[in-house]
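Chemist: Quick one: the structure is below, questions incoming.
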Amino acid sequence: MPWEELLSGLLHFTPGQGLMMLIGGVLIYLAINKGAEPVLLLPIGLGIILANIPLSGMHEEGGIFWLLKKAGLETEVFPLFIFIGIGAMIDFGSLLERPYTVLLGAAAQFGIFGTMLLAIVVGFPLNEAAAIGIIGSADGPTSIYVASILAPSRLGAVAVAAYSYMALVPIIQPPIMRLLTTKAERKIRMPTATTSVSRTTRIMFPIVAVVVTGLLVPKATPLIGMLMFGNLLRESGVVTRLAHTAENELVNIVTILLGITVGSTMTAATFLRADTILIFVLGIVAFSLGTATGVVFGKVMCYLSGRRVNPLIGAAGISAFPMSARVVQKVGLQADPHNHLLMHAVGANTAGQIASVVAGGALLALMAGIL
Amino acid sequence: MPWEELLSGLLHFTPGQGLMMLIGGVLIYLAINKGAEPVLLLPIGLGIILANIPLSGMHEEGGIFWLLKKAGLETEVFPLFIFIGIGAMIDFGSLLERPYTVLLGAAAQFGIFGTMLLAIVVGFPLNEAAAIGIIGSADGPTSIYVASILAPSRLGAVAVAAYSYMALVPIIQPPIMRLLTTKAERKIRMPTATTSVSRTTRIMFPIVAVVVTGLLVPKATPLIGMLMFGNLLRESGVVTRLAHTAENELVNIVTILLGITVGSTMTAATFLRADTILIFVLGIVAFSLGTATGVVFGKVMCYLSGRRVNPLIGAAGISAFPMSARVVQKVGLQADPHNHLLMHAVGANTAGQIASVVAGGALLALMAGIL
Amino acid sequence: MPWEELLSGLLHFTPGQGLMMLIGGVLIYLAINKGAEPVLLLPIGLGIILANIPLSGMHEEGGIFWLLKKAGLETEVFPLFIFIGIGAMIDFGSLLERPYTVLLGAAAQFGIFGTMLLAIVVGFPLNEAAAIGIIGSADGPTSIYVASILAPSRLGAVAVAAYSYMALVPIIQPPIMRLLTTKAERKIRMPTATTSVSRTTRIMFPIVAVVVTGLLVPKATPLIGMLMFGNLLRESGVVTRLAHTAENELVNIVTILLGITVGSTMTAATFLRADTILIFVLGIVAFSLGTATGVVFGKVMCYLSGRRVNPLIGAAGISAFPMSARVVQKVGLQADPHNHLLMHAVGANTAGQIASVVAGGALLALMAGIL
Amino acid sequence: MYLSLVPLTASLQIAPLSQDLSRGLFVTWAGMAVVFSVLVVLTLMMLALGRIFRPGPDEE
Amino acid sequence: MYLSLVPLTASLQIAPLSQDLSRGLFVTWAGMAVVFSVLVVLTLMMLALGRIFRPGPDEE
Amino acid sequence: MYLSLVPLTASLQIAPLSQDLSRGLFVTWAGMAVVFSVLVVLTLMMLALGRIFRPGPDEE
Ligand code: NA
Ligand code: NA
Ligand code: NA
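In the order they appear, the protein sequences are chains A, B, C, D, E and F. The numbering used here applies: residue 22 is where the first sequence begins, and numbers increase by one. The numbering used here applies: residue 22 is where the second sequence begins, and numbers increase by one. The numbering used here applies: residue 22 is where the third sequence begins, and numbers increase by one. The numbering used here applies: residue 5 is where the fourth sequence begins, and numbers increase by one. The numbering used here applies: residue 5 is where the fifth sequence begins, and numbers increase by one. The numbering used here applies: residue 5 is where the sixth sequence begins, and numbers increase by one.
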């Protein structure tokens, strides 16, 4: 009977779907009222609500969510296009003025691998453990890229955890930073850069980064390639109309679609599993571990440099661009109201962006060899 | 002989194709010189001309029109993306201040079903009759969405009728409105709203609309979901760059492609049938019937409310956003130069937008049960 | 061993790939430091570098370059969408004021066919010879469109040659122009147009151009259709938001993707062949030959018109819009500092744009008949 | 018994009512019922929302 | 009769003309003919348009 | 000889180390080694770039 067909939506509605809608509503609430990464969490939230309406047909072959997932996520087009835009937004100047900060970005990536180990210990299969670890990249598109290759069914949880904790960086990081440093360390002042960077260096950097990273970690080439493509558009200075479109319309259009598509993967069936909570717990671990290893490596550099490096800036190595750099600045100012660490932290921060991509590529390559 | 190949275009040109080109030219003329929905009718017009050039190969597998149709119309991506942009444009404030106007939007949808019945009577098969009825939704993307599912070969006629009559609303509606109301009724003044709507209500509305409509009419979820997604981007206030892109670049790019693609489906073979004229006749019936039932329902509300509702605003329930609301204002002013009905009509107008989507979803669900 | 997998990129790196990266670097250098068509050559340059990183997987099924090539080049979507934008940018007013300049655009297309003959003589198979000839269209999207149909493996070389020589037009053209004209001829002044063109004519022109070209050369319909679609959006004056988006965001987004995709086709295996150098040599021949026949035809018109046409403007017939018109103006001023040929040259220039498309369509049709 | 029912049934159906038309009539009443049901629920939700989330003093 | 035609035909074809080159020559003349035909028609149309739709007094 | 090696090998492997965990440990050290190697090379390249392409007098 057609009439039943019309009411069948209500009849097929499950408590699980109701719970998922509530979760979607909470994300929308956090996005709007707490300013938590609204650009992604708001579309994800509504995507979750839409995805849990029974019999909408949107997930079936030909449906809009099936299509967006197939065309944008499975192809990796969405995260890669967003990386073009992010590259066009990022100024690597702070990093180029302080090349040593690169190492802090490297150290903080232990958050990825350490969390992966923990996820294995608590029982996740290897591929899912790696996808959970990537939350520690503290970078949205990298997380989505890696998770959708290694463990598509976990994509929603991983993406939501990554974006949520990026918004929570001002709460997660400071206690760890204070725990691992002495007040004297936090007071260390760092000189403002005396060397400036030539335009040629800025233009050469994205090209060199692509070649070095690509040759050493081929699987990282798509991510680093698109990121540095955007950056080359920016730094070249001769294609401002392309750079402007990349960091605005292109990234906006893709973000609108990416958010709702990621949300649409979070159906009750895939998301409401006991171990999803574990993923969120491990996600906090990932951010904390990355922060900790960044700071500890900062302490090592502090010691080796004769206390010329403030270890706090290591916390910015997790990326979470640009929030964690601001957190470093704030914690530094609390120890010494005249200590401005921002530009150093931004160096570590952009290094963390690159290091996350390298770590993601390494993870994919090593997993491809194992699985 | 290759030479023949070059002249073969002219040799294969049929009078039907010439007639179609003329029709395309007329649409372009109306769009430019009469301001008739140029954003759609101009691209449709040129699309028709292009589609009727023989041997261009654009409709064959791999051709650009084949591709756009497959990627944009058959997937419903074009109307759905446009709905994101429309949602980001619409202010539901007038509706939220006057929830009762929702019912006028519901009543006016009889234009859809009544016309469908008439189309059955004059001999159209059920699926085509429903596609013809949807012209009465007085909404472009809804018409395209429903028609391309139920009767793809009638898509061109339905879309052109829908957009043309939307442009003709100022001519079609007033006589019907005056015929069905007394001058005393048309003079009824309505108070300006005293209640204002909180930001929270504006934010909650798109979410509630998605859940209610989706659960009750699952097949309407894609349309209402994208419409309300755009509206949530708008009302949240925290993702202005996404909302701005949705209502500008996204909607413009898709409109450019949608128009020419709809036009490209109108080849002589599919369009030049005697019953195509019937579709255009039935299209006027649809708009008229919707207007009439809206006004009649307005009279009922007028009576029940003790003459506190001016029945004219029922005419705005057909949607045809925002033209029909302006028509109501104008006819009201003719009866009483100090009677400003605009905001009430806009309420009914936006209600009609939602009601059209619901009606479209209901139509699809009921047809899926029958066919 | 997974570890080997990580180093395998370096191990698989070949000298050929290194050479290709160098070529990519040179293109980037030319784009940035010499201002050589940076909008295309910069993305192409980085695309080449990325394409020659071994084991990145970007060319394999599902990889981003495989996908962009399949979705944007093989479908011809990229060049066609760019043509919508170009159409929205071009003002055909100068041409409409001087219809006779159309013939100069026609004459200059001999660069295409003459070069094709030469390419056959030096041993290229017919399809590749035609693709090489199309460099003489001096138009990027036309070259990409035709080459990707006739000889996809030569697309990179053809596209790079076309864009590079467009940037070199101020160096390639003047000697040929001076060689073929006497100083007296170069001094011929041409009257500023006395007739102005009505808005109706401007609107009718794209429609007429589509119908005439489409009926006579069906295979040119997609290109001329999209070009004139953009122009109609522009000239209609009633859809400024669409025209604005077409010539800005649409064209920018597609250009970003087109450039990197064209670059990605240039792997060492396809590009590093001895005859690739021949393609670049033939490309210069194409531009020179087109310039020469344009100027010679200008001389014929000069003679027939009783020295009322300055033969220099024939050089602008190759298109290379708008550089070659500026070259004509400059060479004219060198002969007579008060002789302003710009608007006449722009007429021939836009005629060359149309003629290139017609020639491309004719080439495709004749080849389809032969191959 | 059986025979007497046939003309009765037939008389209830308007004679020339095609199968398509009867289906169309069904779709019409069902469709309009759905449209009104959904929009009435929406109205109630809107009224409830308006009550629960009143505008603050600074929102007007 | 037949025999005498062969050398005639052969002499009309320039001896070392490969099949590809003769095809190329055909494409060249056909292509240029098409380009000129189309653009001449376009010119005529433009002239006609200019005559029919003269600019109004306010358009200059 | 062979027999004596088995317990030795076994003792080197931490007993309850699952196959997944040992693989995970491998991925961890290999991954971190790769990240540091790549970024050290990048640092060296950046230092070299900074030396080779010093800012001109007008760039500050
Ligand atoms: Na990171
Ligand atoms: Na409607
Ligand atoms: Na040309």
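No residue lacks a Cβ here, since even glycine has one placed at the ideal position from N, Cα and C.
Taking Cβ-Cβ distances below 8 Å as the criterion, which residues of the segment 52-84 of chain A are in contact with chain B?
Modeler: 52, 53, 56, 59, 60, 63, 64, 67, 70, 71, 74, 75, 76, 77, 78, 79, 83, 84
Chemist: For a test of the three-state rule: what should DSSP assign to residue 81(A), helix, strand or coil?
Modeler: Coil, per DSSP.
Chemist: Would you be able to state if there are at least three C-beta pairs under 8 Å between the segment 267-282 of chain A and the segment 99-107 of chain A?
Modeler: yes
Chemist: Name, please, each residue of chain C whose Cβ falls closer than 8 Å to the Cβ of residue 276(B).
Modeler: 263
Chemist: Which of the residues in the segment 123-144 of chain C, read from start to end, lie with their CB under 7 Å from any CB of chain A?
Modeler: none
Chemist: Residue 232(C) CB to nearest chain B CB: under 8 Å?
Modeler: yes
Chemist: Measure how close the beta-carbons of residue 158(A) and residue 197(A) come, nearest whole angstrom, since I'm counting them as under 8 Å.
Modeler: No, residue 158(A) and residue 197(A) are not in contact; Cβ-Cβ is about 17 Å, not under 8 Å.
Chemist: Cα separation between residue 11(F) and residue 27(F)?
Modeler: With a pLDDT of 47 at residue 11(F), under the threshold of 50, the modelled position of that residue is not reliable, and no figure is offered here.
Chemist: Just mark residue 112(C) as buried or exposed, buried being the case when its beta carbon has 16 or more other beta carbons within 10 Å.
Modeler: exposed
Chemist: Does the Cβ-Cβ distance between residue 130(C) and residue 44(E) come in under 8 Å?
Modeler: no
Chemist: Determine the direct distance from the alpha carbon of residue 339(A) to that of residue 4(A), and round the result to whole angstroms.
Modeler: Outside the displayed span of chain A (22 to 392) sits residue 4(A), for which this structure offers no information.
Chemist: Applying the 10 Å Cβ sphere with the 16-neighbour rule, what's the burial state of residue 149(A)?
Modeler: buried
Chemist: At which residues does the alpha helix (DSSP H) containing residue 95(B) begin and terminate?
Modeler: Note, residue 95(B): premise wrong, no alpha helix (DSSP H); not H, not E.
Chemist: If you reduce the DSSP assignment to three classes, tell me which class residue 58(A) lands in.
Modeler: coil
Chemist: Span of the alpha helix (DSSP H) holding residue 331(A)?
Modeler: Unbroken run through residue 331(A): none, as it is neither H nor E.
Chemist: Would you kindly check if the distance between the Cβ of residue 295(C) and the Cβ of residue 35(C) is under 8 Å?
Modeler: No. Outside cutoff.
Chemist: Please list, in chain order, all residues of the same chain as residue 54(E) whose beta carbon is under 6 Å from its beta carbon, the five residues on each side excluded.
Modeler: none
Chemist: Just to confirm, is the Cβ distance from residue 383(A) to residue 125(A) under 8 Å?
Modeler: Contact flag unset, no.
Chemist: What in chain A is Cβ-close to residue 267(B), meaning under 9 Å?
Modeler: 273, 274, 277
Chemist: For chain B, is any of its Cβ atoms less than 8 Å away from the one on residue 61(D)?
Modeler: no
Chemist: Residue 50(B) to residue 374(A), Cα distance in whole Å?
Modeler: 54 Å
Chemist: Which whole-angstrom value is the C-beta distance of residue 65(C) and residue 280(C), which I expect to be below 8 Å?
Modeler: 5 Å
Chemist: Using DSSP with H/G/I as helix, E/B as strand and the rest coil, what is residue 121(A)?
Modeler: coil
Chemist: Answer with buried or exposed for residue 91(C), where buried requires no fewer than 16 other C-beta atoms within 10 angstroms of its C-beta.
Modeler: exposed
Chemist: Is it buried or exposed for residue 184(C), if we count other Cβ within 10 angstroms and need 16 for buried?
Modeler: buried
Chemist: Compute the Euclidean distance between the alpha carbons of residue 16(E) and residue 335(C), then round it to the nearest angstrom.
Modeler: Bear in mind that a pLDDT of 46 at residue 16(E), under 50, signals an unreliable position, so the model cannot answer this.
Chemist: Could you check whether the segment 73-91 of chain B touches the segment 257-269 of chain C, counting it as contact only if at least three pairs of C-beta atoms, one from each stretch, sit closer than 8 Å?
Modeler: no
Chemist: Is the shortest distance between the beta-carbon of residue 257(B) and the beta-carbons of chain A less than 8 Å?
Modeler: yes
Chemist: Confirm, please, whether the CB-CB distance from residue 240(C) to residue 380(C) is below 8 Å.
Modeler: no
Chemist: What residues in its chain sit with their C-beta under 7 Å from that of residue 195(A), if we drop five residues either side in the sequence?
Modeler: Correct list, in chain order: 348, 352.
Chemist: Tell me, please, whether the CB atom of residue 286(B) is closer than 8 Å to any CB atom in chain D?
Modeler: no
Chemist: By the criterion of Cβ-Cβ separation under 9 Å, what are the contact partners of residue 243(C) in chain B?
Modeler: 71, 77, 78, 79, 84, 85, 86
Chemist: Between residue 302(C) and residue 284(C), what straight-line distance do the alpha-carbon atoms span, to the nearest angstrom?
Modeler: 20 Å
Chemist: What did DSSP end up calling residue 35(E) once you bin it into helix, strand or coil?
Modeler: Of the three classes helix, strand and coil, the one that applies to residue 35(E) here is helix, per DSSP.
Chemist: Alpha carbon to alpha carbon, how far is residue 426(A) from residue 291(A)?
Modeler: Residue 426(A) falls outside the range modelled here, since chain A spans only 22 to 392, and no answer is possible.
Chemist: Buried or exposed for residue 207(A), please, with buried defined as at least 16 other CB atoms from any protein chain shown within 10 angstroms of its CB.
Modeler: buried
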